[in-house]
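**Student:** Structure provided below as structure tokens; questions to follow.
There are 2 protein chains.
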Amino acid sequence: MSSTVQGLPPNYRTVLDVVEEAGPGGHLTAQEIWVRARALQPRIGFATVHRGLIRLHELGAVMKIDVSGEASAVYEPAASPHAHFRCTGCGAISDLEYAVPAQTVRRLAERHGVAIEREAVTFTGRCANCG
Amino acid sequence: MSSTVQGLPPNYRTVLDVVEEAGPGGHLTAQEIWVRARALQPRIGFATVHRGLIRLHELGAVMKIDVSGEASAVYEPAASPHAHFRCTGCGAISDLEYAVPAQTVRRLAERHGVAIEREAVTFTGRCANCG
DNA sequence: ACTGAGGGTGAGAACCGATTTCACTCCGTA
DNA sequence: TACGGAGTGAAATCGGTTCTCACCCTCAGT
């Protein structure tokens, strides 16, 4: 599954494995990834995990998501763009199937004279359990 | 202009004045707000500014915006919802006229069984100057 | 006026995630 | 073997945010 990325240092590969293991809805923080990575590679340091995430993000293999109102960023495997929902009650983060239409993005970029490379859509509110 | 909020402690009022002074495109960080507030009220402390922003956010008078990839949150007067654009080159933040259509939000909320209270849309890329 | 309670306030410490530093290891090549 | 560059772990550091705590100010009830 992670075979799409070549020539990765072993620890970075471990990080990638952990993120992909969690899947698109995983929403792992760097801390959580570190904990899981240590199960595979007990001597791995937090700094290495962090560097790995940065590298993998640059390579486009993982997405870094800054959820509005959340202290720490979460990571998940690169996948089709989608929005996120954060419950203000329990703090849970879930995926929503939404992306700003490509045509709209293009028109916005043109109108404001900018080049848009990425979008982040976050909704907040109450989930079913927290009513 | 800040007359819509009543019964505010004096320092919080100062904070509100600063934010509204900067206007919708101000995008001030808490630090910047503190600096400007001291021009009006030299003895005001940072903690007070921060508490004021929290209070004003609860009251709905100011918006707190967590820009993706930005270290600190920025604040601006409550206004019609709009998206933000952050240039990865110079770090500038600007407003874009976009909001997720209300009908779409409603449909998403219904489909996933959640109550959506707020949305945050952030684009990142390169501004005209940073090409 | 006096008094007690409660909110507001300033300074600085504490906190926490993210990032950097630094010395060390590993592995390839010459 | 000697060298150099990348990778690595532990710990220090950073920066924004939040908390603590002692003080002050206002105001209601006397």
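From first to last, the protein sequence lines are chains A and B. Just so we're aligned: the first sequence equals residues 13 to 143 in our numbering. Just so we're aligned: the second sequence equals residues 13 to 143 in our numbering. Backbone N, C-alpha and C fix where the C-beta goes; we use that ideal spot for every residue, glycine too.
1. Taking Cβ-Cβ distances shorter than 7 Å, what residues in chain A pair up with Ser80/B?
2. With distances taken from CA atoms, which of Ala51/B, Tyr24/B and Ala42/B is nearest Arg67/B?
3. Give me, in chain order, the residues of the same chain whose beta-carbon lies closer than 8 Å to that of Gln18/B; leave out the 5 immediate sequence neighbours on both sides.
4. Along chain A, in chain order, which residues have C-beta atoms closer than 7 Å to that of Gly2/B?
5. Within this structure, are the beta carbons of Leu40/A and Tyr87/A separated by less than 8 Å?
6. Can you give me the start and stop residues for the alpha helix (DSSP H) that Leu120/A sits inside?
7. Counting only beta-carbon atoms, is Phe41/A nearer than 8 Å to chain B?
8. Out of curiosity, what's the CA-to-CA distance linking Cys99/B and Gly137/B?
9. Secondary structure at Val30/B, three-state DSSP: helix, strand or coil?
10. Which residues bound the alpha helix (DSSP H) around His94/B?
11. When burial is assigned at 16 or more other CB atoms within 10 Å of the CB, is Ser80/B buried or exposed?
12. Does the beta-carbon distance from Leu108/A to Ala91/A come in below 8 Å?
13. Using only CA atoms, which one of Pro21/B, Phe97/B, Thr60/B and Pro113/B lies nearest to Ala140/B?
14. Check whether the Cβ of Met75/A lies closer than 8 Å to any Cβ atom in chain B.
15. In the region 113-141 of chain B, which residues sit with their C-beta less than 9 Å from some C-beta in chain A, listed in chain order?
16. Strictly below 9 Å CB to CB, what residues from chain B border Leu68/A?
17. Buried or exposed, going by whether 16 or more other CB atoms sit within 10 Å of the CB of Pro22/B?
18. Just to check my reading of the structure: Val27/B and Ala49/B have Cβ atoms closer than 8 Å, yes? What is that Cβ distance to the nearest angstrom?
19. For a contact defined as C-beta to C-beta under 7 Å, what are the partners of Leu108/B on chain A?
20. If you check the beta carbons only, do Ser84/B and Ala42/B fall under 8 Å apart?
21. Going by DSSP, what residue range makes up the beta strand (DSSP E) through Ile77/A?
22. In whole angstroms, give me the CA-to-CA distance for Arg63/B and Gln115/A.
23. Quick test of your reading: Phe58/A and Glu131/B, contact by CB under 8 Å. State the CB separation rounded to the nearest angstrom.
24. Whose C-alpha, out of Gly38/A, Glu122/A, Arg118/A and Ile56/A, is nearest the C-alpha of Lys76/A?
25. Who are Gly137/B's beta bridge partners in DSSP?
26. Using three-state DSSP, classify Pro21/B as helix, strand or coil.
**Tutor:** Judging by the given coordinates:
1. In the second sequence, residue 80/B corresponds to position 68, counting from 1. For Ser80/B, the chain A residues whose Cβ falls inside 7 Å of its Cβ are Asp78 and Ala132, in order along the chain.
2. Along the second sequence, one-based indexing puts residue 67/B at 55. Taking only the C-alpha atoms, the option nearest Arg67/B is Tyr24/B.
3. Counting from 1 along the second sequence, the entry for residue 18/B is found at position 6. Excluding the 5 residues flanking it on each side, Gln18/B has no same chain C-beta neighbour closer than 8 Å.
4. Any question about residue 2/B goes unanswered here, given that chain B covers just 13 to 143.
5. Numbered from 1 along the first sequence, position 28 holds the residue referred to as residue 40/A. Numbered from 1 along the first sequence, position 75 holds the residue referred to as residue 87/A. Yes, they are a contact pair.
6. As a position in the first sequence, residue 120/A is number 108, starting the count at 1. Note, Leu120/A: alpha helix (DSSP H), Ala114 to His124.
7. One-based indexing of the first sequence puts residue 41/A at position 29. The sequence given here places Thr at residue 41/A; Phe does not occur at that position. Residue contact with chain B for Thr41/A: absent (no Cβ-Cβ distance below 8 Å to any residue of chain B).
8. Position 87 of the second sequence holds residue 99/B. Position 125 of the second sequence holds residue 137/B. Distance between the alpha carbons of Cys99/B and Gly137/B: 5 Å.
9. Here residue 30/B refers to the residue found at position 18 of the second sequence. Helix.
10. Here residue 94/B refers to the residue found at position 82 of the second sequence. Unbroken run through His94/B: none, as it is neither H nor E.
11. Numbered from its first residue, the second sequence carries residue 80/B at position 68. Label assigned to Ser80/B: buried.
12. Your numbering for residue 108/A matches position 96 in the first sequence. Your numbering for residue 91/A matches position 79 in the first sequence. Between Leu108/A and Ala91/A, the gap from beta carbon to beta carbon reaches 8 Å or more.
13. Counting from one through the second sequence, the residue named residue 140/B turns up at place 128. Distances from the CA of Ala140/B to each of Pro21/B, Phe97/B, Thr60/B and Pro113/B were compared; the closest alpha carbon is that of Phe97/B.
14. Locating residue 75/A in the first sequence gives position 63, where the first residue counts as 1. Chain B places no beta carbon closer than 8 Å to that of Met75/A, leaving this residue out of the contacts.
15. Here the close residues are Thr116, Val117, Leu120, Ala121, Arg123, His124, Gly125, Val126, Ala127, Ile128, Glu129, Arg130, Glu131, Ala132, Val133, Thr134, Phe135, Thr136, Gly137, Arg138, Cys139 and Ala140.
16. Taking the first sequence and counting its residues from 1, the one referred to as residue 68/A is at position 56. Ordered by position in chain B, no residue passes the 9 Å Cβ test against Leu68/A, which lies about 16 Å from the chain.
17. The sequence position of residue 22/B within the second sequence is 10, counting from 1. Flag for Pro22/B reads exposed.
18. Position 15 of the second sequence, counted from the first residue, corresponds to residue 27/B. Position 37 of the second sequence, counted from the first residue, corresponds to residue 49/B. Between Val27/B and Ala49/B, the beta carbon gap of about 6 Å places them in contact (Cβ cut-off 8 Å).
19. Position 96 of the second sequence, counting from 1, holds the residue named residue 108/B. Near Leu108/B (Cβ distances below 7 Å), the residues of chain A are Leu120 and His124.
20. Position 72 of the second sequence holds residue 84/B. Position 30 of the second sequence holds residue 42/B. Judged by beta-carbon spacing, Ala42/B lies within the 8 Å limit of Ser84/B, meaning their Cβ atoms are closer than that value.
21. Taking the first sequence and counting its residues from 1, the one referred to as residue 77/A is at position 65. Taken as a continuous stretch (DSSP letters only), the beta strand (DSSP E) holding Ile77/A covers Val74 to Ile77.
22. Start at 1 with the first residue of the second sequence, and residue 63/B comes out as number 51. Start at 1 with the first residue of the first sequence, and residue 115/A comes out as number 103. Separation of Arg63/B and Gln115/A (C-alpha to C-alpha, rounded to the nearest whole angstrom) is 41 Å.
23. Position 46 of the first sequence, counted from the first residue, corresponds to residue 58/A. Position 119 of the second sequence, counted from the first residue, corresponds to residue 131/B. Not a contact, Cβ separation roughly 33 Å.
24. The count along the first sequence starts at 1 and reaches residue 76/A at position 64. Relative to the Cα of Lys76/A, the nearest Cα in the group Gly38/A, Glu122/A, Arg118/A and Ile56/A belongs to Gly38/A.
25. Taking the second sequence and counting its residues from 1, the one referred to as residue 137/B is at position 125. Answer by DSSP bridge pairing, in chain order: Ile128/A and Cys99/B.
26. Here residue 21/B corresponds to residue number 9 of the second sequence, with the count starting at 1. The answer is coil: DSSP assigns Pro21/B none of H, G, I, E or B.
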